[in-house]
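Taking it in order: structure first as structure tokens, then the write-up.
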Amino acid sequence: MTRTAHTGIICIGSVLWDVIGRSASHMRQGSDVPGRITRLPGGVAMNIAMTLVRFGLTPTLLSTIGRDPEGDELTEACARLGMITDHVYRSDDLPTDRYMAVEAANGLIAAIADAHSLEAAGDKILRPLLHGPLGTATRRFDGLIALDGNLTRSLLERIARDAAFADADLRVAPASPGKAERLLPFITHRRATLYVNLEEAGLLCQTEFASSQEAARGLIARGAARVLVTDGERTATEADPTGAIGLTPPEVLVTRVTGAGDTFMAAHIAAEAEGQDREAALASALHAAAIYVSGDTPL
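Letter by letter, the sequence shown follows residues 3 to 301 in this note's numbering.
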């Protein structure tokens, strides 16, 4: 059963099945090792929404899910986890998207994101925000939107310039370094906060940075209104034109990495929704991400 109300937080982007193979061994190209393979609800928008739910919030999903058996199962799982699924675009012609990754003791070995259905659906997923019930041309949505870079470049460009999103608090993250440049339209957006890692920041600025502090300064110099830059176990930085704050993540044993950045972003959003100040919100996000990668938080 789906929910029928929303709490002002909308997650737009990929909602799919994550198929993750994990091994406690070190791996390289061609390795064949024992491990565990799991299938769980995933995707950037989904991972963000799951973390928001853990912090007591009720996010609304805007995505596409096929009307195939996998899609029915995924939709039911989302609703059961506590998300609003009423406005998800269900396609008769497009299959449910999937993500596949292999992780080992030495980190992420390889991953493939099959988000072709999300890309093919295009602006159909935005209809509830443009034509009701979540928003209209005369009643623009003014809450918080978590937006992921799995959308096409053209659709992201449209969102960046469309007046329908002018009053929203946009929180934007690339789905991967390979899609980081899709976020270029949001660098100078006055109401966008960018969540990127060190590599993604470098791609957006077409350079290489030695630290998150340097990357944050570079993005702000390019016109960004606000950025959060992570760098694995090294210092993470939150910055806007008034200044920057840097904190080091807690030390933990890393047992998984897929979804860590999404957890960080969602935990930061939740902390600010609680009224935490800049430093406290960054600390809360780093703590949540550390717990996640240690494997202590349920997926």
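Here a beta-carbon is modelled for each residue, glycine too, at the ideal position from N, C-alpha and C.
It should be emphasised that the depicted structure is a prediction, and the values quoted were computed from it without experimental measurement.
- If only uninterrupted alpha helix (DSSP H) runs of at least 4 residues are considered, those enclosed by the stretch 254-300 are 262-275 and 280-296.
- C13 has L63 and A148 as its beta-bridge partners, per DSSP.
- When the five nearest sequence neighbours on each side are left out, the beta carbons in the same chain lying within less than 8 Å of the beta carbon of T209 are those of G220, in order along the chain.
- Secondary structure of S214 (DSSP, three-state): helix.
- According to the DSSP assignment, A165 belongs to no alpha helix (DSSP H), since it is labelled neither H nor E.
- Contact annotation: Y91 and G45 have beta-carbon atoms that are not nearer than 8 Å.
- Residue burial is scored here from C-beta neighbours: V198 has at least 16 other C-beta atoms within 10 angstroms and is therefore classed as buried.
- Sorting L205, T138, L132 and H191 by C-alpha distance to the C-alpha of E159 places H191 at the top.
- When secondary structure is reduced to three states using DSSP, S33 falls in the coil class, being assigned neither helix nor strand.
- Excluding residues up to 5 positions away in sequence, I22, G23, R24, S25, I111, R258, V259 and T260 lie with their Cβ nearer than 8 Å to the Cβ of E105 in the same chain.
- When only Cα atoms are considered, L132 and D34 end up about 49 Å apart.
- Counting along the chain, the unbroken beta strand (DSSP E) around T40 starts and ends at R38 to G44.
- The residue among A238, S296, A291 and G263 with its C-alpha nearest the C-alpha of E281 is A238.
- Sequence-distant Cβ neighbours of A177 in its own chain, meaning closer than 6 Å and more than five residues away, are V46, D150, G151 and N152.
- Under the three-pair Cβ rule at 8 Å, the stretch 260-272 counts as touching the stretch 286-297.
- Residue environment: R163 is assigned as exposed (fewer than 16 neighbouring CB atoms within 10 Å of its CB, all protein chains considered).
- As computed with DSSP, N199 is found in a beta bridge with T232.
- Per DSSP, the unbroken beta strand (DSSP E) holding A112 starts and ends at G109 to D116.
- Excluding five sequence positions before and after A269, the CB atoms of its chain that fall closer than 8 Å to its own CB belong to T53, F57, S286, A287, H289, A290 and A291, given in chain order.
- Counting only the Cα atoms, R142 lies some 13 Å from I12.
- With a threshold of 16 other beta carbon atoms within 10 Å, G225 falls short and is exposed.
- Inter-residue distance for E78 and I39 is about 22 Å (C-alpha atoms, whole angstroms).
- For G137, the number of other beta carbons within 10 angstroms of its own is at least 16, and it is reported as buried.
- The beta carbons of I247 and I147 sit no closer together than 8 Å.
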